[in-house]
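In the working numbering, the protein residues as written are 6 to 438. Yeah, the Cβ is synthetic: ideal placement off N, Cα and C, and Gly gets one too. Just so you know, these numbers come straight off a predicted model, no measurement behind them.
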């Protein structure tokens, strides 16, 4: 029974825990919008925003779940926060197990408008009115209300939307988008691509049609039509996703390391499965080859004269192979010492006077790389000794290196020994990288 590569990958992925994303109800959050000085470095941005939030928040910072969205062009941050107790009342006591945790309104980010616009989104029991200034990618403010319907019916969502629309600022010109973007799922696609699914709810709309983000090549995708369901990526880059997450940065740092390790383990597992499949195929090939050789041996036994000629031919070929291997030994030794040579060390002349010895003349820009190179060679199991004579003149280092091999290993053995030395070395092979 054959198993395809895609089947193997799907089975491995099935063993990975589900990567759930929490969309906390927007009405549990309060928000602020801050101007961030241009001289604040990205590494210090979260700390600066935390100080600004602490000055405005009625709650201690240690009692808050908070995150922010940052507009690099306008140097503004939209900060949102929810007290732990408020989320706990909704059954969200421990949110550390989620892949990411955001307020619900972040799923409709990604569009910019030419006029002041209010977009409505329904996620996880609340409807939010998200205000956008012209040309800005982050909200100017967010207002939200709970939906008084446990089942989030379309009628209840539209009624809540109308209540929010009635309190639009009368002294400011805000254009309210028609209808509501109703969230119908958010999931992780691939390694870390987050995809949001929305349905455009309009009064009286009942038909539904599904379209994915791949169906359109344009950067600016028009809003879905009435009843249409559309998938689109979450409009946050990799770093902004972690800024938007409402859990503390210590959790984010640990989660990043754990997920990076998990990706490595997953890739290593997939590679191991393919390697094992290759070994099984190779084993089958060897078995077939063994059967073939057995048949050949039986035929040779029955045809003794021809067997003798074949043996003579094989003996001649063996002698020729040994001779060839001896002729190629200097090139093999050169390849072995060149594989661990630093980039700052150059060979100018190589000689082989004995079958297991190389004499190398070369140049370097300093003594240290030459000595480090010799030390590394001496650590290799298959090298008996590596001796250098170094001379420095006019900022150029000339050296004579004599390398004596105890054996000339096979390529895979040499690679394993070289990896052990590289893993244990304090100096990288390529100092310039």
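Boundaries (first-last residue) of the beta strand (DSSP E) holding residue i
| i | result |
| --- | --- |
| residue 199 | 198-206 |
| residue 87 | 81-88 |
| residue 76 | 69-76 |
| residue 124 | 122-128 |
| residue 107 | 105-108 |
| residue 28 | 26-29 |
| residue 156 | Careful: residue 156 lies outside any beta strand (DSSP E) and carries neither H nor E. |
| residue 238 | 233-238 |
Residue i burial status per 10 Å Cβ neighbour count (16 or more: buried)
| i | result |
| --- | --- |
| residue 296 | exposed |
| residue 101 | exposed |
| residue 338 | buried |
| residue 178 | exposed |
| residue 188 | buried |
| residue 131 | buried |
| residue 143 | buried |
| residue 70 | buried |
| residue 72 | buried |
| residue 255 | exposed |
| residue 49 | exposed |
| residue 95 | exposed |
| residue 65 | exposed |
| residue 443 | What is shown of the chain runs 6 to 438, which leaves residue 443 out entirely. |
| residue 87 | buried |
| residue 420 | exposed |
| residue 75 | buried |
| residue 203 | buried |
| residue 340 | exposed |
| residue 318 | exposed |
| residue 31 | buried |
| residue 347 | buried |
| residue 270 | exposed |
| residue 439 | Past the edges of the chain, shown from 6 to 438, lies residue 439, and the structure says nothing about it. |
| residue 112 | buried |
| residue 381 | buried |
Beta-carbon proximity list for residue i, same chain, < 6 angstroms, skipping 5 on both sides
| i | result |
| --- | --- |
| residue 134 | 123, 125, 148 and 169 |
| residue 369 | 349, 350, 375 and 402 |
| residue 146 | 136 |
| residue 57 | 39 |
| residue 85 | 34, 36 and 108 |
| residue 181 | 123 and 170 |
| residue 140 | 117 |
| residue 61 | 37 |
| residue 83 | 38, 74, 143 and 144 |
Cross-strand partners of residue i (DSSP beta bridge)
| i | result |
| --- | --- |
| residue 115 | Bridge partners of residue 115: none, in fact. |
| residue 146 | 136 |
| residue 169 | According to DSSP, which records beta bridges pairwise, residue 169 is partnered with nothing at all. |
| residue 193 | 199 |
| residue 4 | The shown model of the chain, from 6 to 438, leaves out residue 4, and the question about it has no answer. |
| residue 38 | 83 |
| residue 186 | 126 and 205 |
| residue 181 | 123 |
| residue 131 | 128 and 151 |
Range of the contiguous alpha helix (DSSP H) that encloses residue i
| i | result |
| --- | --- |
| residue 280 | 254-307 |
| residue 247 | 243-249 |
| residue 58 | 47-61 |
Own chain residues within Cβ distance below 7 angstroms of residue i, not counting five before or after
| i | result |
| --- | --- |
| residue 53 | 41 and 45 |
| residue 166 | 125, 132 and 185 |
| residue 266 | none |
| residue 372 | 395, 397 and 402 |
| residue 159 | 206 |
| residue 106 | 27, 29, 100, 250, 251 and 252 |
| residue 361 | 409 and 410 |
| residue 238 | 198, 199, 200 and 218 |
| residue 344 | 423 |
Closer than 7 angstroms: residue i CB and nearest the ligand FMN heavy atom
| i | result |
| --- | --- |
| residue 148 | Summarising the ligand content, the structure contains no ligands, and the ligand FMN is consequently not present. |
Contacts around residue i, its chain only, beta-carbon distance under 8 angstroms, and the 5 residues preceding and following it disregarded
| i | result |
| --- | --- |
| residue 353 | 366, 367 and 368 |
| residue 104 | 24, 25, 26 and 193 |
| residue 51 | 73, 248 and 254 |
| residue 172 | 148 |
| residue 413 | 334, 337, 338, 341, 361 and 387 |
| residue 332 | none |
| residue 110 | 31, 126, 128, 133, 135, 144, 147 and 149 |
| residue 418 | 387 |
* For the region 315-402, list the beta strand (DSSP E) runs that are entirely contained and at least 3 residues long, ordered along the chain. => 350-359, 362-369 and 388-398
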